[in-house]
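Remarks on the structure that follows.
Number of protein chains: 2
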Amino acid sequence: MRSESAVISLSALAQEHRLGLFRLLVQAGEGGLAAGVIAEKLGVPASSLSFHLAQLRSAGLVLQERQHRSIIYRANYPAMNSLVAYLIENCCAGAADCGAGAACEASEQERKSA
Amino acid sequence: MRSESAVISLSALAQEHRLGLFRLLVQAGEGGLAAGVIAEKLGVPASSLSFHLAQLRSAGLVLQERQHRSIIYRANYPAMNSLVAYLIENCCAGAADCGAGAACEASEQERKSA
DNA sequence: ATCTCATTTCGATTTTTCTAAAAATGAGAT
DNA sequence: ATCTCATTTTTAGAAAAATCGAAATGAGAT
Numbered sequence: 001m002r003s004e005s006a007v008i009s010l011s012a013l014a015q016e017h018r019l020g021l022f023r024l025l026v027q028a029g030e031g032g033l034a035a036g037v038i039a040e041k042l043g044v045p046a047s048s049l050s051f052h053l054a055q056l057r058s059a060g061l062v063l064q065e066r067q068h069r070s071i072i073y074r075a076n077y078p079a080m081n082s083l084v085a086y087l088i089e090n091c092c093a094g095a096a097d098c099g100a101g102a103a104c105e106a107s108e109q110e111r112k113s114a
Numbered sequence: 115m116r117s118e119s120a121v122i123s124l125s126a127l128a129q130e131h132r133l134g135l136f137r138l139l140v141q142a143g144e145g146g147l148a149a150g151v152i153a154e155k156l157g158v159p160a161s162s163l164s165f166h167l168a169q170l171r172s173a174g175l176v177l178q179e180r181q182h183r184s185i186i187y188r189a190n191y192p193a194m195n196s197l198v199a200y201l202i203e204n205c206c207a208g209a210a211d212c213g214a215g216a217a218c219e220a221s222e223q224e225r226k227s228a
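Line order of the protein sequences matches chains A and B. Residue numbering for the first sequence follows this note's numbering, beginning at 1 and increasing consecutively. Residue numbering for the second sequence follows this note's numbering, beginning at 115 and increasing consecutively.
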């Protein structure tokens, strides 16, 4: 992942509505959710939601698909995973553990198996 | 982690210089780097760098410590890890795998062991 | 006590982002 | 072919963030 696209992805997530929206889709799974359903769940006007969805989409974090009258959005899990991998890449200067979480250990495993 | 602090952390990372800076510190490990060294490595004026460092610091992503004449910055790994955990929390609607990366699997493990 | 140097704060400007009403689009239903 | 409804685009204004030179701070060194 290049730095530029990581910044675009992080900018897409760095906003209250969009972060809530993305997490909603992440937790919704492959089935996704219709734009209208999301707007209602988040209490955001449709035009505002569309603006935010477009940003997540152009960052590559969510995918779009028409289904009957609605447009279904779902999380792009591979994109999410590579953003996370980019953030923690080569962490801790090669130390075994960053001190707390699983994320850095996962990065260690990635590195060893790659 | 609350939504608000996740947005603050993501905003802190959603900027070219700050993302580069954070990754520099993540990879530098517990030893950290002096502000001046960072400024030179990134080619950013000292005053601009200080502005960006302050944001990463107020987001809790980096820690500060004086050492002789310099001020040393280092990554806050636990903060990094909990941000990542928040992003991928309960992903895939309980499915075994999100399709690609290790991050979601790590989240699965977390959930099972918690 | 003073000097020096690394870093931060101030200030003014420019750029970017958020918001949401109103108009436009476009796919399916009648 | 037209109607309807979900969603997007446009638009304009308001709010927030980035930039960086110059001045201020503050801890060590002399």
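A virtual CB, placed ideally from N, CA and C, is assigned to each residue, including glycine.
Which listed residue (the options) has its alpha carbon closest to that of residue i
{"i": "L156(B)", "options": "L138(B), G146(B), G145(B) and R171(B)", "result": "L138(B)"}
{"i": "E16(A)", "options": "A149(B), S125(B) and A148(B)", "result": "S125(B)"}
{"i": "N195(B)", "options": "G29(A), Q55(A), S82(A) and C91(A)", "result": "C91(A)"}
{"i": "L63(A)", "options": "E4(A), A35(A) and V44(A)", "result": "A35(A)"}
{"i": "S3(A)", "options": "F136(B), V158(B), R171(B) and L170(B)", "result": "F136(B)"}
{"i": "E203(B)", "options": "L56(A), F51(A) and Y77(A)", "result": "Y77(A)"}
Residue j beta carbon less than 7 Å from that of residue i
{"i": "A128(B)", "j": "A14(A)", "result": "yes"}
{"i": "V151(B)", "j": "A189(B)", "result": "no"}
{"i": "S9(A)", "j": "L61(A)", "result": "yes"}
{"i": "L49(A)", "j": "A39(A)", "result": "yes"}
{"i": "V7(A)", "j": "L133(B)", "result": "yes"}
{"i": "A93(A)", "j": "G146(B)", "result": "no"}
Status (buried if at least 16 other CB within 10 Å, exposed otherwise) for residue i
{"i": "M115(B)", "result": "exposed"}
{"i": "A46(A)", "result": "exposed"}
{"i": "F165(B)", "result": "exposed"}
Three or more beta-carbon pairs under 8 Å between the stretch 176-185 of chain B and the stretch 66-82 of chain A, yes or no?
Counting Cβ pairs under 8 Å, fewer than three are found: no touch.
Any C-beta of chain B within less than 7 Å: which residues of the stretch 48-66 of chain A qualify?
none
What are the residues of the stretch 28-49 of chain A that lie near chain B, defined by any Cβ-Cβ distance shorter than 9 Å?
A28, G29, E30 and G31
In chain order, what residues of the stretch 68-81 of chain A put their CB closer than 8 Å to some CB of chain B?
Those residues of the stretch 68-81 of chain A placed with their C-beta closer than 8 Å to a C-beta in chain B are A75, Y77, P78, M80 and N81, ordered along the chain.
Closer than 7 Å between beta carbons: that is the criterion. Which residues of the stretch 116-132 of chain B meet it against chain A?
S117, A120, V121, L124, S125, L127, A128, Q129 and E130
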